[in-house]
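Protein chains in written order, with UniProt numbering: chain Z, 1 to 308; chain B, 1 to 308.
Ideal Cβ positions, reconstructed from N, Cα and C, are used throughout, including at glycine.
The block underneath contains the structure these notes are about, expressed in structure tokens.
There are 2 protein chains.
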Amino acid sequence: MAVSWNAALALNVSQLGGAQRLASSGRAQSASSTIFCCAGPTERRASIVRSGVSCSHELASVSDSRKSVVAAATLARAEPVSTPEVEALLDSIKWDSKGLVVAIAQHIDTGAILMQGFSNRDAISATLASRRATFFSRSRSCLWTKGETSENFINVVDVYLDCDRDSIIYLGKPDGPTCHTGAETCYFTSAFESSNPEALTTLYSLESTIASRKVEVTPKPSWTKKLVENPKLLCSKIREEADELCRSLEDNEGRERTISEMADVLYHSMVLCSVQDVKMEEVLAVLRGRFSKSGVEEKASRNVKAQT
Amino acid sequence: MAVSWNAALALNVSQLGGAQRLASSGRAQSASSTIFCCAGPTERRASIVRSGVSCSHELASVSDSRKSVVAAATLARAEPVSTPEVEALLDSIKWDSKGLVVAIAQHIDTGAILMQGFSNRDAISATLASRRATFFSRSRSCLWTKGETSENFINVVDVYLDCDRDSIIYLGKPDGPTCHTGAETCYFTSAFESSNPEALTTLYSLESTIASRKVEVTPKPSWTKKLVENPKLLCSKIREEADELCRSLEDNEGRERTISEMADVLYHSMVLCSVQDVKMEEVLAVLRGRFSKSGVEEKASRNVKAQT
Chain Z
1 MAVSWNAALA LNVSQLGGAQ RLASSGRAQS ASSTIFCCAG PTERRASIVR
51 SGVSCSHELA SVSDSRKSVV AAATLARAEP VSTPEVEALL DSIKWDSKGL
101 VVAIAQHIDT GAILMQGFSN RDAISATLAS RRATFFSRSR SCLWTKGETS
151 ENFINVVDVY LDCDRDSIIY LGKPDGPTCH TGAETCYFTS AFESSNPEAL
201 TTLYSLESTI ASRKVEVTPK PSWTKKLVEN PKLLCSKIRE EADELCRSLE
251 DNEGRERTIS EMADVLYHSM VLCSVQDVKM EEVLAVLRGR FSKSGVEEKA
301 SRNVKAQT
Chain B
1 MAVSWNAALA LNVSQLGGAQ RLASSGRAQS ASSTIFCCAG PTERRASIVR
51 SGVSCSHELA SVSDSRKSVV AAATLARAEP VSTPEVEALL DSIKWDSKGL
101 VVAIAQHIDT GAILMQGFSN RDAISATLAS RRATFFSRSR SCLWTKGETS
151 ENFINVVDVY LDCDRDSIIY LGKPDGPTCH TGAETCYFTS AFESSNPEAL
201 TTLYSLESTI ASRKVEVTPK PSWTKKLVEN PKLLCSKIRE EADELCRSLE
251 DNEGRERTIS EMADVLYHSM VLCSVQDVKM EEVLAVLRGR FSKSGVEEKA
301 SRNVKAQT
């Protein structure tokens, strides 16, 4: 099932080039109308009917200092691009009564859920074309590209739909903190007395634990603290654990032993990374560069595919 | 801000014990009414008004074979539990016009987004009490505990709210595949010609790449394939890369070198894991057991906290 859907809906990015932007009267906006208005012409007309304000009214109410921010933001906003493939994809989505689906932005390297918003047809179309996570702001009734004011864009590498086709993931790499508070993700409030400041999965929870033990001052130092303070011990342990991992294969010690030894290798290596102020996120970004395709590379490869 | 919210809302699970279930007339259901009706009495009355059906009608329309499934499902459904702390948390959430928030279930070890649903007050309360991800089914107008029919529960370790308090994460460990199709997650349809069958983040994308190269048959084998087929070479590389990671610290080669060497250690170690049919998910589960608190352990520790 998944394969047939993928085959039917897979988009060829060569058909999503910038030259193919919608140039219909509905979307060909003048700079002046674009800069200070939230919605495109169609949505803006609806907004005017609803709210009784026009673009000029909105413009008049914007302070000079605010104008430059609004202008910059709107210039950085991604625009929808229509192709038959994009329209087919959008037609296959189960929109709610307001023409929206839930859109979740996830960090491609760490897996952190960065934020959640809603997307309409234009928002998804704009995301696919620009590779910048774009949502529909329900409060402002307009498209909103994450980062259009903060410049902390979420660079989308892939877009996934769920089995019901009413929920999507923007899988991407953020340029900086996603939350308006400056936090890496918007999910930093636990319902429990959690020790984690953010919704961390195991690898990053371990990284956070190592970081906190690195600076802790206790009468009886933790094993992590001992390793941090004794590079000779730390390196000796890393070499030892790597050797034990190898021996789990060489001596046929079984997969349970491999699991345990791999955990040891990972933990001790992560302590060394912490000593060097290296984040796992940086390591994974290097691995992604080596073993998977970046958005740009993937785009290029798809263009090649289309030509051959 | 996050800290104060956390402090104000942190729940003490000792106050969420099973003995404190709501026993008011509204929730004290007889077995017969519980088994075949989707909603609790309050919601059920509303449903009857809306749909014109009663529990007996629904019961009559259920086949004998279906009855046992429905019965088992409803018995496995989590029930809401009210405490002042839970009510305070629920009062702080920004519910939409239908009394719902977006609820995202995320795998605590892999970071995979498993599914997304919606939750109302009872669904979150039931999740907090049972530690099983529970949602409000909009199509059936009732609570729905993921796994109530498949037994593939999502065992919730933590619950996170976003900065706007209108979106939550159920961070947990699934008992099995989450999707009704049998897929690990519901997000297996890429909008692009992605090589990943599911929405995989970097570590798991690499794991998937290694797995596919392990079985590939090509005239010129990949480096991964060579390693897989030559355990001596593989182990030699793991020991070598571990040594180079250590030397990046011992010889002060700088953090960039550490990042690169850590990537090498991780990749080569993961190839050995693949040879042993070990999944990173299993390794991370071991690390979680060692370094972070499992749901049960955390619950126990909170009970201790409440008593001291």
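Sub-8 Å separation of residue i and residue j beta-carbons
i                        : j                            : result
glutamate 250 of chain B : cysteine 273 of chain Z      : no
serine 139 of chain B    : alanine 78 of chain B        : no
glutamate 216 of chain B : methionine 280 of chain B    : no
serine 125 of chain B    : proline 80 of chain B        : yes
valine 286 of chain Z    : isoleucine 259 of chain B    : yes
serine 248 of chain B    : glutamate 240 of chain B     : no
alanine 112 of chain Z   : isoleucine 238 of chain B    : no
alanine 183 of chain Z   : phenylalanine 135 of chain Z : no
cysteine 179 of chain B  : cysteine 186 of chain Z      : no
threonine 202 of chain B : leucine 90 of chain Z        : no
Three-state class that DSSP yields for residue i in the structure shown
i                         : result
arginine 50 of chain Z    : Because the pLDDT at arginine 50 of chain Z is just 34, under 50, the model does not fix this residue reliably, and the value given afterwards should be weighed accordingly. Arginine 50 of chain Z falls in the helix class under three-state DSSP.
arginine 140 of chain Z   : coil
glycine 289 of chain Z    : helix
serine 25 of chain B      : In this predicted model, serine 25 of chain B has a pLDDT of only 30, less than 50, meaning its place in the structure is not dependable; the value taken from the coordinates is given anyway. In this structure, serine 25 of chain B counts as coil in the three-state DSSP scheme.
valine 278 of chain B     : coil
lysine 299 of chain B     : Residue placement at lysine 299 of chain B is flagged as unreliable, the pLDDT there being 42, under the threshold of 50; a coordinate-derived value is accordingly withheld.
lysine 98 of chain B      : coil
cysteine 55 of chain Z    : At cysteine 55 of chain Z the pLDDT is 28, less than 50, meaning the model places this residue with poor confidence; the figure from the coordinates comes in the next sentence. If DSSP states are grouped into helix, strand and coil, cysteine 55 of chain Z belongs with the helices.
lysine 220 of chain Z     : coil
alanine 60 of chain Z     : Residue placement at alanine 60 of chain Z is flagged as unreliable, the pLDDT there being 38, under the threshold of 50; a coordinate-derived value is accordingly withheld.
isoleucine 169 of chain Z : strand
arginine 132 of chain B   : strand
aspartate 162 of chain B  : strand
residue 342 of chain Z    : The first residue shown for chain Z is 1 and the last is 308, placing residue 342 of chain Z beyond what the model contains.
leucine 90 of chain B     : helix
serine 208 of chain B     : helix
threonine 83 of chain B   : coil
leucine 200 of chain B    : coil
alanine 105 of chain B    : strand
threonine 127 of chain B  : helix
serine 150 of chain B     : coil
threonine 178 of chain Z  : coil
threonine 258 of chain B  : helix
Whole-Å CB distance - residue i paired with residue j, under 8 Å assumed
i                         : j                         : result
leucine 128 of chain B    : valine 159 of chain B     : 7 Å
glutamate 282 of chain B  : aspartate 264 of chain B  : Between aspartate 264 of chain B and glutamate 282 of chain B the Cβ distance is about 22 Å, and since that is not below 8 Å, they are no contact.
lysine 94 of chain Z      : arginine 165 of chain Z   : 5 Å
isoleucine 210 of chain B : valine 271 of chain B     : 6 Å
asparagine 152 of chain Z : aspartate 122 of chain Z  : Actually they are not in contact, since the Cβ atoms of asparagine 152 of chain Z and aspartate 122 of chain Z sit about 22 Å apart, beyond 8 Å.
serine 137 of chain Z     : tryptophan 144 of chain Z : 4 Å
leucine 100 of chain Z    : alanine 191 of chain B    : So it is not a contact: roughly 17 Å between Cβ atoms.
serine 167 of chain B     : glutamine 276 of chain Z  : Contact flag wrong, Cβ pair sits at about 35 Å.
The ligand ATP heavy atom lying under 7 Å from the CB of residue i
i                      : result
alanine 285 of chain B : Absence of the ligand ATP from the depicted structure is noted, as is the absence of any ligand whatsoever, leaving it without description.
Open item on the list: Does the stretch 171-188 of chain B come into contact with the stretch 94-112 of chain B, if we say contact requires no fewer than three beta-carbon pairs (one atom in each stretch) closer than 8 Å?
Closed with: yes
- [ ] Taking a Cβ distance cut-off of 9 Å, strictly less, list which residues of the stretch 241-255 of chain Z are near chain B, in chain order.
- [x] Glu241, Ala242, Asp243, Leu245, Cys246, Arg247, Ser248, Leu249, Glu250, Gly254, Arg255
Open item on the list: Tell me which residues of the stretch 192-208 of chain B have at least one Cβ-Cβ distance to chain Z shorter than 9 Å, keeping chain order.
Closed with: Phe192, Glu193, Ser194, Ser195, Asn196, Pro197, Glu198, Ala199, Leu200, Thr201, Thr202, Leu203, Tyr204, Ser205, Leu206
Open item on the list: Count Cβ pairs between the stretch 220-240 of chain Z and the stretch 188-206 of chain B that sit closer than 8 Å; are there 3 or more?
Closed with: no
- [ ] With 7 Å as the limit, tell me which residues of the stretch 268-283 of chain B have their beta carbon closer than that to any beta carbon of chain Z; keep them in chain order.
- [x] Ser269, Leu272, Cys273, Val275, Gln276, Asp277, Val278, Glu282, Val283
Open item on the list: Give me the subset of the stretch 129-159 of chain Z whose CB atoms are less than 7 Å from a CB atom of chain B, sorted by chain position.
Closed with: Asp158, Val159
Task: Near-chain Z residues of the stretch 174-187 of chain B - C-beta to any C-beta below 9 Å - done: Cys179, His180, Thr181, Ala183, Thr185, Cys186, Tyr187
- [ ] Taking a Cβ distance cut-off of 8 Å, strictly less, list which residues of the stretch 86-114 of chain Z are near chain B, in chain order.
- [x] Leu89, Val102, Ile104, Gln106, His107, Ile108, Asp109, Thr110, Gly111, Ala112, Ile113
- [ ] Anything in the stretch 214-231 of chain Z with a Cβ closer than 7 Å to a Cβ of chain B? List those residues in chain order, please.
- [x] Pro231
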